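Have a look at the structure below before the remarks.
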Amino acid sequence: MENFFLDYRDPIFGIIVFIFAGLIIAIFSYLWGVFSKKEEASKIEKFIQKFDLNKGLGSKYQEILKSGGIGIDGLVILANVFSKSGDFDKAINVYLIALQREKNSKKDKEFILTELGKIYFNAGFLKKSEQTLLQSIELSPRNEVALKYLSVIYERLRLFDKELEVLDALKEQGIETSKNEAFTKALIISNDNTLNFDKKIKAISNLNSPQALRLILELFIKNNEPLSKIKKFPPLSSVIDIIWHLNESVNLKDSEYKALFYAKNLSSEYVKSSFFEIEAISMMRNSGYFGADLNFKYICPSCKSSLPTYFYRCPICYSLDDTIIIPRLVKRDDEINMPF
């Protein structure tokens, strides 16, 4: 019996046990990998079946693409060409075929699903985009692109609590999300019908959001609240398109506001403006001409896109930056349109 325990403690015996244990682990890892791939393939197949493969491309072209004559990279390039030309149905069709053909590479499946989700998003199919991007995240939970698109989708669907969850997942990856979080919380507060107006304003004011002051001004106007109650006005450059359409003068202690209301003939004291357009209208007023007006265009500082209406989040690149408001001199029109 004693000899048995000595043999049991033999170093060679330990090595044999170690090798045997490693072999068992390797076998289980292999079996688990096979099982995972089969489960993954089954999920992808079920996912594809949710969507219509008969839209966009004719059956003849679908068969050519399914046959394997064009590689996965070629299909991706073809889908991008269709997407850039605005032919989203064909782009979606090509990506679904690529997804159907890709059997092995998890990374390629993730990429195809992400691109497909982006196309659904650009085509306006937000729920389909959400489903597709969630499928991509299931393959890779740290998919930054998919998570960013999801945050915008939830914002557009007004699912703000889900948007905060996505932003939290991005923050865990070391991505700066504080500006987006503050804006989302401001939207939650402004849409909360359980809060009275004064509590909404106070709660939004306490947020560290660059958009808060403009949002507060909009809430005052929409709720027909007296603007004299506003404690802190935004810089004129960030709200000139709103202030220009007011029929009462406000915040006259600010020289830029005072110059604007002089140009509108709502203040009697002339002040020089740093805005060329306001200064020009003031000079016209001094000469007795009151037929000048302003309209506005809006530029995204990130992608430089120019749009005719104000946006908090750029509809082209989806960035949340301080929109650049450009005033333009025009002939007066009696119709007044608020930019929100």
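Note that the UniProt record's numbering has the sequence shown beginning at 1, numbered continuously upward.
From the three backbone atoms N, C-alpha and C, an ideal C-beta is built for every residue, glycine too.
Being a predicted model, the structure only gives us computed values, none of them experimental.
Measure the C-alpha to C-alpha separation of Trp32 and Lys109 and round it to an integer number of angstroms. Here residue 32 is taken as the residue at index 32 of the sequence shown, counted from 1. Here residue 109 is taken as the residue at index 109 of the sequence shown, counted from 1. Reliability of the predicted coordinates at Trp32 is poor, the pLDDT of 49 falling under 50, and the value obtained from them is presented with this limitation in mind. Cα to Cα, Trp32 sits roughly 19 Å from Lys109.
Among Lys107, Ser273, Ile112 and Lys106, nearest to Asn93 - alpha-carbon criterion: Residue numbering aside, residue 93 sits at position 93 when the sequence shown is read from its first letter. Nearest to Asn93 by alpha-carbon distance, out of Lys107, Ser273, Ile112 and Lys106, is Ile112.
Are Pro339 and Phe296 close, meaning C-beta to C-beta below 8 Å? Your numbering for residue 339 matches position 339 in the sequence shown. Your numbering for residue 296 matches position 296 in the sequence shown. Yes, the Cβ-Cβ distance between Pro339 and Phe296 is below 8 Å.
Could you tell me how far apart the beta carbons of Ala182 and Ser205 are, in whole angstroms, since I believe they sit closer than 8 Å? Within the sequence shown, the letter at position 182 stands for residue 182. Within the sequence shown, the letter at position 205 stands for residue 205. Not a contact, Cβ separation roughly 12 Å.
Proximity of Leu126 and Leu170 at Cβ, strictly below 8 Å: As a working note, residue 126 is residue 126 in the sequence shown. As a working note, residue 170 is residue 170 in the sequence shown. Taking 8 Å as the Cβ cut-off, Leu126 and Leu170 do not qualify as a contacting pair.
Looking at Phe82: is its Cβ nearer than 8 Å to the Cβ of Asn122? As a working note, residue 82 is residue 82 in the sequence shown. As a working note, residue 122 is residue 122 in the sequence shown. Cβ atoms of Phe82 and Asn122: not closer than 8 Å.
What residues in its chain sit with their C-beta under 6 Å from that of Glu40, if we drop five residues either side in the sequence? Within the sequence shown, the letter at position 40 stands for residue 40. Note that Glu40 has pLDDT 46, beneath the 50 cutoff, so the model's placement of it is unreliable and the number below is only indicative. Closer than 6 Å at Cβ, skipping near neighbours: no residue.
Could you tell me if the beta carbon of Trp244 falls within a distance shorter than 7 Å of some heavy atom in the ligand ATP? With respect to the ligand ATP, the structure offers nothing, as it holds no ligand at all.
So, with DSSP's three-state summary, where would you put residue 362? No statement about residue 362 is possible, as the shown extent of the chain runs from 1 to 340 and does not include it.
Taking Glu155 as the reference, which of Asp254, Glu172 and Asn180 has the closest Cα? In the sequence shown, residue 155 corresponds to position 155, counting from 1. Distances from the alpha-carbon of Glu155 to those of Asp254, Glu172 and Asn180 put Asn180 closest.
Look up Lys84 in the DSSP assignment and say whether it is helix, strand or coil. Here residue 84 corresponds to residue number 84 of the sequence shown, with the count starting at 1. Three-state DSSP puts Lys84 in a helix.
Secondary structure at Ile242, three-state DSSP: helix, strand or coil? What you label residue 242 is simply residue 242 of the sequence shown in a count that begins at 1. Here Ile242 sits in helix by DSSP.
By the three-class DSSP mapping on this structure, what secondary structure does Leu329 have? By 1-based counting over the sequence shown, the position of residue 329 is 329. It is a strand residue.
Nearest candidate by alpha-carbon position, reference Ile242, set Ile137, Thr309, Cys314 and Leu167: As a working note, residue 242 is residue 242 in the sequence shown. Taking only the C-alpha atoms, the option nearest Ile242 is Thr309.
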